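In case it helps, the numbering used here puts the sequence shown at residues 1 to 415. We put the CB at the ideal spot given by N, CA and C, even for glycine. The structure presented is a predicted model; accordingly, all values stated were derived computationally and were not measured.
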Amino acid sequence: MPSPYRAIFSAPGTKGFSAAGFFGRMPLSMMGIGVVTMISQLTGRYGLAGALSATLAMSAAVCGPQVSRLVDRYGQRRVLRPVTLVAVAAVAGLLICAQQGMPEWTLFVFSVGAGCVPSVGSMVRSRWAEIYRGSSRDLHTAYAWESIVDEVCFIFGPIISIGLSTAWFPEAGPLIAAGFLLVGVFWLTAQRATEPVPHPKSQHSGGSALRSRGLQVLVATFVATGAIFGGVDVVTVAFAEDRGHKSAASLVLAVYALGSCLAGAVFGLLHLKGNLATRWLVGVVAMAVSMIPLQLAGNLPLLAVALFVAGLAIAPTMVTTMALVEAHVPRTKLTEGMTWTSTGLAVGVALGSSAAGWVVDAAGAKAGYAVPVAAGALAAVVAFLGYRRLAGPATTGGRGEDERHLRTDEDEHVA
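Right under this line is the structure:
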């Protein structure tokens with residue numbers, strides 16, 4: 001492990017909560033694609049599969065920030081455990097209804113409950129922020145590490161989910177995903193020493209973290225970015241099935257995540273100077289442009305290469321986003337602020353997967369890649385329009401200008 005990564009794990013408890021976070025985040029890459037695979041196996045209808053995946057994502061988008069707001073006030077253990085039990089019970093109901101061929105409305109009802117999962121990535125990142133507050137370099141490396149963990153989940157999650165659902169039984173992928181969630185959340189919340197101290201309601205300024213103008217830009221852009229991911233997932237499964245190798249979709253999607261993972265690993269070793277907002281804008285534009293070659297891929301190997309290249313822009317953009325959230329959101333609402341970016345992604349995944357499913361049903365798999373192309377273009381437009389909000393001073397009443405100047409001074413001193 002490179003020395004900057006080794007250094008951040010010198011703090012007690014960091015290895016434990018990061019490992020627990022890995023298990024808790026596996027469902028992020030397994031549940032949606034597992035439902036798509038399960039429903040397409042059972043019914044052959046990608047439109048229904050995409051709609052259910054979208055329902056999962058929309059439910060997570062609605063519930064996630066509310067759960068994180070409660071976490072900021074009452075602590076991770078008190079909130080996450082009961083919420084997780086509700087989500088796991090809903091997943092069980094969804095699988096039973098799908099397996100028994102029950103009415104479609106029952107699938108949607110249980111999908112809503114199954115989507116009420118906590119944003120485990122935000123919980124882990126808030127622990128890093130608590131430990132390395134005031135040390136921008138260590139926090140940059142920690143965020144990069146967590147982006148690597150995210151991508152490792154996306155490398156192995158689809159392989160496990162799609163592989164089990166196609167080789168074992170259709171419900172296997174979502175079932176294992178629920179198991180990962182249960183283990184990860186209960187392991188994480190058992191680690192009390194690194195749990196951020198909750199901030200009582202009296203310490204909170206009025207309203208949501210989303211009142212931050214900078215966070216609004218990040219969330220809006222991530223809606224379009226999520227549509228890229230949702231569209232790519234659904235269309236890639238359909239594209240692989242058209243080529244007679246449906247199970248290979250998991251490998252192709254893993255290559256997509258591998259590109260992001262490698263880029264994140266390198267990015268975590270760098271300590272770039274310059275404006276964070278500019279770096280973020282370049283990342284969003286690169287993600288948008290990287291969608292264009294997908295239209296030209298005529299077979300799975302070429303598609304894998306195109307997705308690997310596209311993945312190189314993901315992790316660096318995500319790491320920069322977390323740094324911008326920390327700069328624009330008050331400390332008492334940090335977990336909620338981080339979750340809002342995940343919410344933006346979830347909404348986008350919902351829209352992208354649903355749109356891609358209908359396009360595939362209507363015009364074929366290859367035509368479906370027009371969805372992530374359009375989503376990428378929209379993300380770039382929103383990022384350009386909102387750039388000034390991110391580049392200007394943060395007006396959060398939280399960390400504020402003083403702390404950001406302290407970080408700049410620290411960076412210059414270390415340099």
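Whole-Å CB distance - residue i paired with residue j, under 8 Å assumed
i, j, result
"T341", "W280", "The Cβ separation is near 12 Å, so there is no contact."
"C116", "C153", "Not a contact, Cβ separation roughly 19 Å."
"V67", "V88", "Their Cβ separation, rounded to whole angstroms, is 15 Å, which puts V67 and V88 out of contact at 8 Å."
"A90", "A114", "4 Å"
Residue closest to residue i, alpha-carbon to alpha-carbon, out of the options
i, options, result
"T194", "G50, L42, I314 and Q76", "Q76"
"G386", "L215, S68 and A288", "L215"
"Y143", "C153, M318 and G368", "M318"
"G352", "A315, T55, C116 and A89", "T55"
"A286", "A383, A249 and V109", "A383"
"A375", "L251, V223, G337 and V235", "V223"
"F22", "V120, S59, S247 and L107", "V120"
"R211", "P330, K15, G184 and L303", "P330"
"A257", "D150, T141, Q191 and A367", "D150"
"K15", "L188, G134, T166 and A304", "L188"
"S165", "R78, F9 and A248", "A248"
"G13", "G348, V112 and Y132", "Y132"
"A240", "T339, G311 and S40", "S40"
"H140", "K273, A379, V371 and A391", "K273"
"P158", "L218, S3 and V36", "V36"
"L253", "A20, G34, A7 and F17", "G34"
Residue i versus residue j: straight-line alpha-carbon distance, rounded
i, j, result
"L175", "T221", "32 Å"
"Y5", "E130", "17 Å"
"P196", "G226", "28 Å"
"T335", "V71", "8 Å"
"L182", "R243", "36 Å"
"A313", "R25", "21 Å"
"P103", "A49", "14 Å"
"S290", "T236", "15 Å"
"F267", "P316", "6 Å"
"H204", "R192", "The predicted model places H204 with a pLDDT of 48, which falls under 50 and marks its position as unreliable; any figure quoted below should be read in that light. H204 and R192: Cα-Cα distance of roughly 23 Å."
"M30", "M58", "16 Å"
"A306", "N299", "11 Å"
"A277", "H245", "41 Å"
"T332", "Y46", "42 Å"
"A377", "A288", "6 Å"
"K366", "Q295", "7 Å"
"S3", "E146", "16 Å"
"A350", "P118", "17 Å"
"M338", "V347", "15 Å"
Three-way DSSP call (helix, strand, coil) for residue i in this model
i, result
"W168", "coil"
"H204", "In this prediction, H204 has a pLDDT of 48, which is less than 50 and means its spatial position is unreliable; what the coordinates show is noted afterwards. Coil at H204, not helix or strand."
"M291", "coil"
"F9", "coil"
"Y46", "helix"
"G134", "coil"
"T194", "coil"
"M31", "helix"
"R69", "helix"
"G115", "coil"
"R243", "coil"
"P158", "helix"
"G226", "helix"
"G93", "helix"
"V329", "coil"
Chain B within 8 Å of residue i, Cβ atoms only
i, result
"G75", "The structure shown contains no chain B; it is built from a single protein chain."
Open item on the list: Count Cβ pairs between the segment 97-106 and the segment 121-129 that sit closer than 8 Å; are there 3 or more?
Closed with: Counting C-beta pairs with one atom in each stretch, the segment 97-106 and the segment 121-129 have fewer than three that are closer than 8 Å, which means they do not touch.
Task: Three CB pairs or more closer than 8 Å across the segment 164-180 and the segment 83-95 - done: Yes, they touch.
Task: the segment 357-368 / the segment 227-242 touching (three or more Cβ pairs under 8 Å) - done: By the Cβ criterion, the segment 357-368 is in contact with the segment 227-242, since at least three pairs of Cβ atoms, one from each stretch, lie closer than 8 Å.
Task: the segment 150-165 touching the segment 256-263, judged by at least three CB pairs closer than 8 Å - done: Counting Cβ pairs under 8 Å, three or more are found: they touch.
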